[in-house]
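Participant: First the structure, then my questions, so here it is.
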Amino acid sequence: GEDVEQSLFLSVREGDSSVINCTYTDSSSTYLYWYKQEPGAGLQLLTYIFSNMDMKQDQRLTVLLNKKDKHLSLRIADTQTGDSAIYFCAETPGGYQKVTFGTGTKLQVIP
Amino acid sequence: DTAVSQTPKYLVTQMGNDKSIKCEQNLGHDTMYWYKQDSKKFLKIMFSYNNKELIINETVPNRFSPKSPDKAHLNLHINSLELGDSAVYFCASSLGGTTNEKLFFGSGTQLSVL
């Protein structure tokens, strides 16, 4: 399909690690992004990775990129209840001003 | 100060009416966007403007007309509202002209068409 695919739902216990996966569509995307949406709010950029990198770490967040499989993942270490939100991956297929979002993964953190 | 602000936050209206949503950004960005988020949280781009000029116009009914009076403002006017227009509409902005377009979003306008 042409959509940027993510699994719909993930539930983890507080303190565990969360891994959110994404399969994107366009191998020419220069940058790939992760956004977070809390209830009733707009999306907020969490982190991004340049397409010639395999991994990027930013405090509790680790982004892994597998360009061959067009697979992107976001690992959240020591997941907290405040991490409960919807997470969207995003790509820029064919051009830098059209950011296309994934289907979103709802992360539920159980105390 | 809110970076990207849109009004109103909630909009409830009858089918057939015409309504507008306003958006302003104080980030000095050149590019602004409208996205539509449906009930399944799927987010789809509608329009993009760069320095007041339309650059992206996805397959959106022509009842939707964006207007950008200056690069800090992008408004969305919707004519003859239909039930299927019910959604959350997000305005966003980005620097523009780079290969790393980080989007800054407004808090959304929840439109309910009755």
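Taken in sequence, the protein lines are chains A and B. Residue 71 in our numbering is what sits at position 71 of the first sequence, and the numbering runs on without skipping anything. Residue 1078 in our numbering is what sits at position 78 of the second sequence, and the numbering runs on without skipping anything. Idealized CB from N, CA, C, for every residue including glycine. Source: prediction; values computed, not measured.
(1) Determine the burial state of G1 of chain A: buried for a count of at least 16 other Cβ atoms within 10 Å of its Cβ, exposed for fewer.
(2) When the distance is taken between beta carbons, is V12 of chain A closer than 7 Å to T79 of chain A?
(3) Considering only their Cβ atoms, is the gap separating T105 of chain A from Q44 of chain A smaller than 7 Å?
(4) Counting only beta-carbon separations shorter than 7 Å, does N1116 of chain B have a partner in chain A?
(5) In angstroms with no decimal places, state the Cα-to-Cα distance between N1057 of chain B and F1042 of chain B.
(6) At 3 residues or longer, and completely inside the stretch 18-72 of chain A: list those beta strand (DSSP E) runs for me, N to C.
(7) Could you please tell me which residues of the stretch 1093-1104 of chain B, in chain order, have their CB closer than 9 Å to any CB of chain A?
(8) Does any C-beta atom of chain A lie closer than 7 Å to the C-beta of L1111 of chain B?
(9) Are any of the Cβ atoms in chain B nearer than 7 Å to that of G1 of chain A?
(10) When you compare the stretch 32-44 of chain A with the stretch 1093-1110 of chain B, are there three or more beta-carbon pairs, one atom per stretch, that lie closer than 8 Å?
(11) L1083 of chain B by DSSP, collapsed to three states: which one?
(12) Is T1109 of chain B near I1045 of chain B, with beta carbons less than 7 Å apart?
(13) Using the C-alpha atoms, what's the distance from G102 of chain A back to L8 of chain A?
(14) Taking the alpha carbon of Y87 of chain A as the reference point, which residue from A:K98, A:S73, A:P93, A:V99 has its own alpha carbon closest?
(15) What is the DSSP secondary structure of T81 of chain A, counted as helix, strand or coil?
Facilitator: Reading off the structure:
(1) Confidence in G1 of chain A is poor, its pLDDT being 47 and thus under 50, which makes the residue's placement too unreliable to answer from.
(2) yes
(3) no
(4) Lying outside 1001 to 1114, the shown extent of chain B, residue 1116 of chain B is not represented and no answer is given.
(5) When the Cα atoms are used, N1057 of chain B and F1042 of chain B turn out to be separated by approximately 18 Å.
(6) 18-23, 31-37, 43-50, 55-58, 61-66
(7) Going along the stretch 1093-1104 of chain B in chain order, one finds S1094, G1096, G1097, T1098, T1099, N1100, E1101, K1102, L1103, F1104 with a Cβ nearer than 9 Å to chain A.
(8) no
(9) Low confidence applies here, because G1 of chain A scores a pLDDT of 47, under 50, leaving its location unreliable and the question unanswered by this model.
(10) yes
(11) helix
(12) no
(13) 10 Å
(14) A:S73
(15) Of the three classes helix, strand and coil, the one that applies to T81 of chain A here is helix, per DSSP.
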